[in-house]
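Notes follow the structure.
Protein chains: 2
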Amino acid sequence: MNPAKAGPASEKTDGSASEKADGPVPEKTGGPVPEKTGGPARPYHHGDLRRAILGAALDVIAAEGPSAVSLRDLARRAGVSHAAPAHHFKDRVGLLTAIAAEGFGLLATALDDAGDLRDAGVRYVRFAREHPAHFQVMFAPELLRANDLELTTARTLAGGRLRAAVSAVPAEGRGPDARLAGIAAWSLAHGFATLLISHNLDGQVGGQDPDEVFHDLTGMLFRPEQP
Amino acid sequence: MNPAKAGPASEKTDGSASEKADGPVPEKTGGPVPEKTGGPARPYHHGDLRRAILGAALDVIAAEGPSAVSLRDLARRAGVSHAAPAHHFKDRVGLLTAIAAEGFGLLATALDDAGDLRDAGVRYVRFAREHPAHFQVMFAPELLRANDLELTTARTLAGGRLRAAVSAVPAEGRGPDARLAGIAAWSLAHGFATLLISHNLDGQVGGQDPDEVFHDLTGMLFRPEQP
DNA sequence: GTGCAATCTTGTCAGTGTCAAGTTGTGCGG
DNA sequence: CCGCACAACTTGACACTGACAAGATTGCAC
Numbered sequence: 001m002n003p004a005k006a007g008p009a010s011e012k013t014d015g016s017a018s019e020k021a022d023g024p025v026p027e028k029t030g031g032p033v034p035e036k037t038g039g040p041a042r043p044y045h046h047g048d049l050r051r052a053i054l055g056a057a058l059d060v061i062a063a064e065g066p067s068a069v070s071l072r073d074l075a076r077r078a079g080v081s082h083a084a085p086a087h088h089f090k091d092r093v094g095l096l097t098a099i100a101a102e103g104f105g106l107l108a109t110a111l112d113d114a115g116d117l118r119d120a121g122v123r124y125v126r127f128a129r130e131h132p133a134h135f136q137v138m139f140a141p142e143l144l145r146a147n148d149l150e151l152t153t154a155r156t157l158a159g160g161r162l163r164a165a166v167s168a169v170p171a172e173g174r175g176p177d178a179r180l181a182g183i184a185a186w187s188l189a190h191g192f193a194t195l196l197i198s199h200n201l202d203g204q205v206g207g208q209d210p211d212e213v214f215h216d217l218t219g220m221l222f223r224p225e226q227p
Numbered sequence: 001m002n003p004a005k006a007g008p009a010s011e012k013t014d015g016s017a018s019e020k021a022d023g024p025v026p027e028k029t030g031g032p033v034p035e036k037t038g039g040p041a042r043p044y045h046h047g048d049l050r051r052a053i054l055g056a057a058l059d060v061i062a063a064e065g066p067s068a069v070s071l072r073d074l075a076r077r078a079g080v081s082h083a084a085p086a087h088h089f090k091d092r093v094g095l096l097t098a099i100a101a102e103g104f105g106l107l108a109t110a111l112d113d114a115g116d117l118r119d120a121g122v123r124y125v126r127f128a129r130e131h132p133a134h135f136q137v138m139f140a141p142e143l144l145r146a147n148d149l150e151l152t153t154a155r156t157l158a159g160g161r162l163r164a165a166v167s168a169v170p171a172e173g174r175g176p177d178a179r180l181a182g183i184a185a186w187s188l189a190h191g192f193a194t195l196l197i198s199h200n201l202d203g204q205v206g207g208q209d210p211d212e213v214f215h216d217l218t219g220m221l222f223r224p225e226q227p
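First to last, the protein sequences are chains A and B.
Residue numbers for the first sequence follow full-length UniProt numbering, so the first one is 1 and each next one is one higher.
Residue numbers for the second sequence follow full-length UniProt numbering, so the first one is 1 and each next one is one higher.
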């Protein structure tokens with residue numbers, strides 16, 4: 001996308017792949033990979049190219065946003081040809097959709113055993129901090145294939161976890177309208193998370209633990225009794 | 001960005017410019033642009049190209065997100081050559097930065113004569129609904145030139161309006177920590193606005209007036225007394 | 001009028017997504 | 001053990017994009 005910052009292929013073909021992906025170099029099972037002999041350095045089959053592309057994409061998104069991902073760049077990072085990613089993700093939208101679906105899955109498991117609504121909110125914010133790339137893509141519908149099956153099922157699963165956390169709040173604590181309480185809780189958590197990972201709260205929160213700050217924030221919603 | 005959906009240039013050169021920009025096409029003679037006749041159909045100078053490009057960009061962003069804006073596409077919509085936009089905005093980042101700066105200016109004036117914090121929140125959300133393109137770009141720092149002077153001054157101005165609204169809340173109503181109250185209010189409004197314009201609340205809010213919903217939401221923060 | 005600066009055009013280059021067709025490796029039935 | 005279908009990857013091509021450079025046109029101060 002930005003030709004000025006992308007050097008020639010030779011500069012980027014070194015093994016600077018994501019640390020998250022567990023080893024972009026296949027190393028299948030001690031296979032006969034010629035180490036540095038004159039032949040081709042990498043085997044024809046990558047081993048886990050899909051995971052490597054995902055990991056590299058997450059790195060790029062976390063650092064420069066979703067619009068900075070380039071399939072060709074990811075291919076270079078993984079040390080494969082420029083069209084290899086398409087075989088796993090169909091196209092750019094397919095890659096981002098896969099990331100979003102994975103994100104909703106991760107969010108669902110993060111919310112899995114939340115104690116109460118306040119705990120769910122803290123987990124929501126923590127998820128956004130720990131998986132900022134996923135989080136950004138999950139809520140950017142114009143980048144996604146809306147009717148993708150994996151995406152919709154994962155999103156439904158995560159949505160169910162959220163709704164469960166809201167309905168667990170005792171009725172006298174959440175005001176007259178449960179629907180409204182859900183929107184309020186989601187808005188507060190989502191807004192805090194969004195502002196946090198876009199560095200719009202850097203001046204306000206300072207060095208304090210964001211989890212703690214948000215915990216205090218939730219005290220301003222849903223207070224059945226005054227302390 | 002997506003060549004598959006973009007036809008040849010001749011298909012997009014028709015006068016489908018933004019309706020928001022007041023007269024992007026000069027229409028010197030009022031006649032339609034002749035396809036292949038020798039005479040130049042449009043004058044050399046556009047008249048208000050900067051505004052036309054901005055308007056077209058806002059249309060595209062509102063419809064397909066910031067990643068869908070293409071300087072060449074905007075030039076086509078305005079009926080100018082592919083390099084004309086660069087003269088006004090330097091590059092793509094410059095265009096988006098100008099949009100963000102304009103957005104913070106609009107937000108500042110929208111917050112100008114807000115009554116109380118609740119009113120400021122309602123105006124914040126209304127701004128996001130009425131200027132979704134501006135809003136999206138304003139909080140996507142990776143798309144912007146961070147040290148742009150116009151941007152930083154406009155942002156500071158809007159930030160001041162927000163802080164003023166928070167500090168106008170009586171101390172006993174906002175809890176022990178004014179800073180925390182500000183973060184809470186901003187998070188709630190920002191989260192609601194973000195979820196709203198990304199259509200993540202379509203099922204929840206239904207046909208209800210979003211302003212009203214958010215007004216009710218704010219009642220769950222900052223309640224000095226029980227009703 | 002003349003000169004100048006702002007505005008816009010034309011041309012070019014490297015980078016990108018996507019499709020099509022070919023190549024290489026893997027696993028499986030026989 | 002063998003061949004073969006299929007998955008994984010490569011090569012090549014095309015239309016598109018952002019950015020830059022150099023030239024053409026216009027409005028405007030003087």
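From the three backbone atoms N, C-alpha and C, an ideal C-beta is built for every residue, glycine too.
Buried/exposed call for A:Thr109, threshold 16 Cβ in 10 Å: Around the beta carbon of A:Thr109, fewer than 16 other beta carbons sit within 10 angstroms, so the residue counts as exposed.
Within 9 Å, strictly: CB atoms of B:Leu196 and B:Arg129: The answer is yes: Cβ separation under 9 Å.
CB contact flag (A:Ala68, A:Val80, <9 Å): Between A:Ala68 and A:Val80, the CB-CB gap reaches or exceeds 9 Å.
Alpha-carbon to alpha-carbon, A:Ala86 and A:Ala21: Caution is warranted here: a pLDDT of 38 is assigned to A:Ala21, below 50, making its placement in the model unreliable, and no coordinate value can be reported.
Cα-Cα separation, B:Leu144 to A:Pro141: The alpha-carbon atoms of B:Leu144 and A:Pro141 are separated by roughly 21 Å.
9 Å Cβ cutoff, A:Thr194 in contact with chain B: Yes - at least one Cβ of chain B is within 9 Å of the one on A:Thr194.
Beta carbon of B:Val169 nearer than 9 Å to that of B:Asp116: Closer than 9 Å, so yes.
Proximity winner among A:Ala165, A:Gly159 and A:Ala120, relative to A:Phe139 (alpha-carbon distances): Nearest C-alpha to A:Phe139: A:Gly159.
Proximal chain A residues relative to B:Ser81, where beta-carbon distance stays under 9 Å: Taking a Cβ-Cβ threshold of 9 Å, none of the residues of chain A is close to B:Ser81; the smallest such distance is about 20 Å.
Backbone secondary structure at B:Gln208 - three-state DSSP: Coil at B:Gln208, not helix or strand.
Chain A contacts made by the UniProt domain "HTH tetR-type" (47 to 107) of chain B, where a contact means CB separation under 8 Å: Within the UniProt domain "HTH tetR-type" (47 to 107) of chain B, Glu64, Gly65, Pro66, Ser67 and Ala68 place their CB atoms closer than 8 Å to a CB of chain A, listed in sequence order.
Pick from B:Thr153, B:Val122 and B:Phe135 that is closest to B:Asp209, judged by C-alpha positions: Of the listed residues, the one whose Cα sits closest to B:Asp209 is B:Val122.
Reduced DSSP secondary structure (H/G/I, E/B, other) of A:Pro34: Low confidence applies to A:Pro34: its pLDDT is 38, below 50, so where it sits in the model is not reliable, and the reading given next is rough at best. DSSP places A:Pro34 in coil when its eight states are reduced to three.
Those runs of the alpha helix (DSSP H) which lie wholly inside the segment 66 to 145 of chain B and span at least 4 residues: Qualifying alpha helix (DSSP H) stretches, in chain order: 71 to 78, 84 to 89, 92 to 110, 117 to 130 and 132 to 138.
Alpha helix (DSSP H) segment containing A:Asp59, residue limits: Per DSSP, the unbroken alpha helix (DSSP H) holding A:Asp59 starts and ends at Leu49 to Glu64.
DSSP-derived helix/strand/coil call for B:Ala168: DSSP places B:Ala168 outside both helix and strand once states are collapsed to three, so it counts as coil.
Environment of B:Pro66 [buried if 16+ CB atoms lie within 10 Å]: By the C-beta density criterion, B:Pro66 is buried, having at least 16 other C-beta atoms within 10 angstroms.
Rounded straight-line distance, which links the Cα of B:Val213 to that of A:His215: Note on geometry: alpha-carbon atoms of A:His215 and B:Val213 lie some 24 Å from one another.
Same chain, Cβ closer than 8 Å to A:Glu35, five either side skipped, listed in chain order: Bear in mind that a pLDDT of 37 at A:Glu35, under 50, signals an unreliable position, so the number given afterwards is only what the model happens to contain. Contacts found: none.
C-beta neighbour in chain A for B:Glu142, strict 9 Å: It does; some Cβ of chain A falls within 9 Å.
C-beta neighbour in chain B for A:Arg179, strict 9 Å: Yes, because at least one Cβ of chain B sits closer than 9 Å to the Cβ of A:Arg179.
Chain-ordered chain B contacts of A:Leu201 [CB-CB under 8 Å]: Counting only Cβ-Cβ distances below 8 Å, A:Leu201 has contacts in chain B at Ile183, in chain order.
Residue from B:Leu162, B:Asp148, B:Pro132 and B:Arg161 whose Cα sits closest to the Cα of B:Leu58: Cα-wise, what sits closest to B:Leu58 is B:Pro132.
Cβ separation of A:Val125 and A:Ala189, assumed to be a contact under 8 Å, to the nearest whole Å: Contact flag correct, Cβ pair sits at about 6 Å.
Beta carbon proximity, B:Ser167 to chain A, threshold 9 Å: No, B:Ser167 lies away from the interface with chain A (no Cβ there is under 9 Å from its Cβ).
7 Å Cβ shell around A:Met220 - same chain, five flanking residues per side excluded: Closer than 7 Å at Cβ, skipping near neighbours: no residue.
B:Leu162 and B:Gly182 closer than 9 Å at C-beta: In this structure, B:Gly182 lies closer than 9 Å to B:Leu162 by Cβ.
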